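Participant:
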Amino acid sequence: MHSIRFRFFAFIAALLLVLLVLLNSYPLISSRDAVYEEKRSSMSAAASVVASSLAGLDRLSQESVAEVLTFLDISGYSRILVADRSGVVVYDDGGSAGSLTQIADVLTALRESKTIFRSRLGEDAFLSSYAVPMSAQGAITGAVYLCEHDSERAQIIFGIQDRIRVLSIVIGAAAFLLAGFFVFALMQRLQGLISSMRVVAGGDYAHRHPIRGQDEISELGQEFNLLTERLETTEKQRRRFVSDASHELKTPLASIRLLSDSIVQSEGMDAQTVREFAADIGHEAQRLQRTTEDLLDLSRMDDGIGFVPEPSDVSRAAQDALVLLRPLAHERSVQLVSRLDDGCVVMGNPDALFKIIFNLTENAIKYNVPDGSVELSVRSAGDTVEIEVADTGIGIPEEDRRHIFDRFYRVDKARSRATGGNGLGLSIVHDAVQAHGGSIAVGQNKPQGSRFIVTLPRASEEETGL
Numbered sequence: 045m046h047s048i049r050f051r052f053f054a055f056i057a058a059l060l061l062v063l064l065v066l067l068n069s070y071p072l073i074s075s076r077d078a079v080y081e082e083k084r085s086s087m088s089a090a091a092s093v094v095a096s097s098l099a100g101l102d103r104l105s106q107e108s109v110a111e112v113l114t115f116l117d118i119s120g121y122s123r124i125l126v127a128d129r130s131g132v133v134v135y136d137d138g139g140s141a142g143s144l145t146q147i148a149d150v151l152t153a154l155r156e157s158k159t160i161f162r163s164r165l166g167e168d169a170f171l172s173s174y175a176v177p178m179s180a181q182g183a184i185t186g187a188v189y190l191c192e193h194d195s196e197r198a199q200i201i202f203g204i205q206d207r208i209r210v211l212s213i214v215i216g217a218a219a220f221l222l223a224g225f226f227v228f229a230l231m232q233r234l235q236g237l238i239s240s241m242r243v244v245a246g247g248d249y250a251h252r253h254p255i256r257g258q259d260e261i262s263e264l265g266q267e268f269n270l271l272t273e274r275l276e277t278t279e280k281q282r283r284r285f286v287s288d289a290s291h292e293l294k295t296p297l298a299s300i301r302l303l304s305d306s307i308v309q310s311e312g313m314d315a316q317t318v319r320e321f322a323a324d325i326g327h328e329a330q331r332l333q334r335t336t337e338d339l340l341d342l343s344r345m346d347d348g349i350g351f352v353p354e355p356s357d358v359s360r361a362a363q364d365a366l367v368l369l370r371p372l373a374h375e376r377s378v379q380l381v382s383r384l385d386d387g388c389v390v391m392g393n394p395d396a397l398f399k400i401i402f403n404l405t406e407n408a409i410k411y412n413v414p415d416g417s418v419e420l421s422v423r424s425a426g427d428t429v430e431i432e433v434a435d436t437g438i439g440i441p442e443e444d445r446r447h448i449f450d451r452f453y454r455v456d457k458a459r460s461r462a463t464g465g466n467g468l469g470l471s472i473v474h475d476a477v478q479a480h481g482g483s484i485a486v487g488q489n490k491p492q493g494s495r496f497i498v499t500l501p502r503a504s505e506e507e508t509g510l
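Residue numbers (this note's numbering): 45 to 510.
This is the structure in structure tokens:
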């Protein structure tokens with residue numbers, strides 16, 4: 045298994061190798077092809093001039109051909125050959141005059157009446173040849189064959205190739221060194237990030253990775269630090285939650301044990317006192333049961349155990365909550381007023397909606413003042429449904445409002461315990477509202493008290509089937 049360092053360096057090496065191959069081959073191929081085309085053009089023009097000039101002769105002979113070539117001043121070719129229509133060499137500065145030509149291109153030009161051009165780059169020169177038929181009055185009278193040996197242009201191309209090769213070696217070596225340095229620096233930064241991950245994985249959530257630069261690795265480091273910060277916050281909340289939960293469960297358990305020990309150890313306790321102690325044990329057991337149920341509700345929400353959404357009437361859930369809360373309001377001398385609109389339907393869970401309204405209204409009653417009031421409103425607001433609970437109670441200080449949805453958080457711990465609160469009700473409300481895709485806001489009621497507003501998305505006609 046190869047490391048990412050090896051793979052990255054191998055990728056850069058392969059890319060450089062491809063670029064160097066292209067650098068060494070493309071200029072050579074382009075230059076060679078350009079020379080080929082230039083040779084074709086120049087030799088075609090020369091051969092055509094010679095062929096047209098010789099076609100006007102009454103008889104082809106070595107002397108007449110030589111005279112015409114001298115007049116045309118055709119030079120620069122390593123060989124010039126002229127053959128008659130039967131393939132016999134009439135003129136050849138290579139010394140084969142009088143014999144039947146063995147050059148295949150000349151024979152093909154005579155038989156098939158077409159021009160043939162060949163050119164290749166040899167070890168030290170361009171070797172080019174051009175064969176063209178001669179015709180007079182529509183009949184083939186012979187053929188002209190030109191051959192060229194161009195070492196000058198070949199040396200120029202070979203010189204350019206040598207310089208490119210040296211330049212490629214220098215560029216390749218420098219590029220490999222730079223690539224190695226870049227890969228090393230990059231891997232050092234990645235190793236630093238990995239080391240920070242290992243530190244955090246070991247439990248040090250306060251560790252932060254040092255950020256350098258503005259590139260993607262720096263952005264990755266910033267995201268890592270944000271994640272670590274959230275982990276640190278979550279860990280603090282978890283420890284506080286465990287501590288608070290242990291305390292909440294320990295207090296009623298200690299009371300139950302104390303009361304039960306008192307009953308067991310007091311042999312002469314009268315029946316009335318025993319009943320009072322038993323009633324206190326029952327109250328503490330109820331408190332323990334409420335706390336346990338709230339913890340289970342929060343645990344289910346944390347685990348993502350949701351509900352199957354169904355059309356739910358928020359006003360109906362509010363009416364059910366009011367039925368249970370009116371005796372409590374009467375007991376606390378608190379006036380309970382409700383304004384419930386029809387048609388306030390959301391896609392949700394009726395039990396969860398009931399808990400939202402019940403907890404908010406119960407808190408508004410418990411933390412109110414004598415002869416105070418609580419107003420519960422459910423209304424439609426465009427594509428949303430709003431639940432508003434306003435009271436004239438003791439209110440929530442500004443500095444405590446951003447913490448009231450934290451688990452086990454109490455604004456007034458002494459009064460919360462006196463009213464039986466465990467600091468979980470608003471946390472359950474908050475999580476239930478989020479599970480419904482809504483939001484909750486808290487503010488001050490005028491002239492005093494608190495105001496909670498829950499906003500939930502209203503169900504569409506397609507969802508309700510109405």
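For every residue, glycine included, the Cβ atom is placed at its ideal position computed from N, Cα and C. All figures in this text were calculated on a predicted structure; none of them were measured in a lab.
With DSSP as the reference, label Arg461 as helix, strand or coil.
Facilitator: Position 417 of the sequence shown holds residue 461. Low confidence applies here, because Arg461 scores a pLDDT of 49, under 50, leaving its location unreliable and the question unanswered by this model.
Participant: Grab me the residues of Gly481's own chain with a C-beta within less than 6 Å of its C-beta, minus the 5 sequence neighbours each way, in chain order.
Facilitator: In the sequence shown, counting from the first residue as 1, residue 481 sits at position 437. Contacts found: Pro501.
Participant: With Asp77 as the anchor, note down where its alpha helix (DSSP H) starts and where it stops.
Facilitator: By one-based count along the sequence shown, residue 77 stands at place 33. Taken as a continuous stretch (DSSP letters only), the alpha helix (DSSP H) holding Asp77 covers 48–99.
Participant: Distance, Cα to Cα, Glu156 vs Thr114?
Facilitator: The count along the sequence shown starts at 1 and reaches residue 156 at position 112. The count along the sequence shown starts at 1 and reaches residue 114 at position 70. Glu156 and Thr114: Cα-Cα distance of roughly 29 Å.
Participant: Is the beta carbon of Tyr189 closer than 8 Å to that of Ser172?
Facilitator: For the purposes of this step, residue 172 is taken as residue 128 along the sequence shown, with counting starting at 1. For the purposes of this step, residue 189 is taken as residue 145 along the sequence shown, with counting starting at 1. Not closer than 8 Å, so no.
Participant: Determine, using beta-carbon pairs with one atom in the stretch 375–389 and one in the stretch 404–411, whether at least three such pairs fall under 8 Å.
Facilitator: The stretch 375–389, when compared against the stretch 404–411, does touch it at the 8 Å Cβ threshold.
Participant: Please classify Asp259: is it buried, with 16 or more other beta-carbons within 10 angstroms of its beta-carbon, or exposed?
Facilitator: On the sequence shown, residue 259 is found 215 positions in, with the first residue counted as 1. Classification for Asp259: exposed.
Participant: With a threshold of 16 other CB atoms inside 10 Å of the CB of Glu81, please say whether the residue is buried or exposed.
Facilitator: On the sequence shown, residue 81 is found 37 positions in, with the first residue counted as 1. Exposed, since its Cβ has fewer than 16 Cβ neighbours within 10 Å.
Participant: Identify every residue that forms a DSSP beta bridge with Gln488.
Facilitator: As a first step, residue 488 is located in the sequence shown; it is residue number 444 there, counting from the start. Looking at the DSSP assignment, Gln488 forms a beta bridge with Ser494.
Participant: Can you tell me where the alpha helix (DSSP H) with His251 in it begins and where it stops?
Facilitator: Here residue 251 refers to the residue found at position 207 when the sequence shown is read from its first residue. His251 -> no alpha helix (DSSP H), and no H or E assigned at all.
Participant: Checking 8 Å against the spacing of the C-beta atoms, do Ile400 and Val477 come in under that value?
Facilitator: For this step, residue 400 is matched to residue 356 along the sequence shown. For this step, residue 477 is matched to residue 433 along the sequence shown. Closer than 8 Å, so yes.
Participant: With a 10 Å radius around its C-beta and 16 neighbouring C-beta atoms as the bar for buried, classify His474 as buried or exposed.
Facilitator: Here residue 474 is taken as the residue at index 430 of the sequence shown, counted from 1. Buried, since its Cβ has 16 or more Cβ neighbours within 10 Å.
Participant: Judging by CA-CA distance, which residue of Ile201, Pro441, Val389 is the nearest neighbour of Val429?
Facilitator: Looking up residue 429 in the sequence shown gives position 385. For the residues Ile201, Pro441, Val389, the minimum Cα distance to Val429 belongs to Val389.
Participant: Please state if the CB of Leu67 and the CB of Ile208 are separated by a distance shorter than 8 Å.
Facilitator: Position 164 of the sequence shown, counted from the first residue, corresponds to residue 208. Position 23 of the sequence shown, counted from the first residue, corresponds to residue 67. Going by C-beta atoms, Ile208 is nearer than 8 Å to Leu67.
Participant: Using the Cα positions of Ser179 and Leu101, report the straight-line distance between them to the nearest angstrom.
Facilitator: Looking up residue 179 in the sequence shown gives position 135. Looking up residue 101 in the sequence shown gives position 57. Near 11 Å, if we compare the C-alpha coordinates of Leu101 and Ser179.
Participant: Going by the CB atoms, is the gap between Asn393 and Ser356 shorter than 8 Å?
Facilitator: Within the sequence shown, residue 356 is the residue found at index 312, counting from 1. Within the sequence shown, residue 393 is the residue found at index 349, counting from 1. A contact, by the Cβ cut-off of 8 Å.
Participant: Along the chain, where does the alpha helix (DSSP H) containing Phe402 start, and where does it finish?
Facilitator: If you number the sequence shown from 1, residue 402 lands on position 358. Counting along the chain, the alpha helix (DSSP H) containing Phe402 begins and ends at 394–410.
Participant: Measuring CA to CA, which of Ala434, Glu505, Ser494, Phe220 is closest to Val422?
Facilitator: For the purposes of this step, residue 422 is identified with residue 378 of the sequence shown, where counting begins at 1. Residue Ala434 is the option with its Cα nearest to Val422.
Participant: On the DSSP bridge list, what partners appear for Glu419?
Facilitator: Here residue 419 refers to the residue found at position 375 of the sequence shown. Glu419 is bridged to Val381, Ala434.
Participant: Under three-state DSSP, which class holds His193?
Facilitator: The count along the sequence shown starts at 1 and reaches residue 193 at position 149. His193: strand per DSSP, three-state reduction.
Participant: For the alpha helix (DSSP H) holding Phe115, just list the boundary residues, first then last.
Facilitator: In the sequence shown, counting from the first residue as 1, residue 115 sits at position 71. 106–116 is the span of the alpha helix (DSSP H), which, as asked, contains Phe115.
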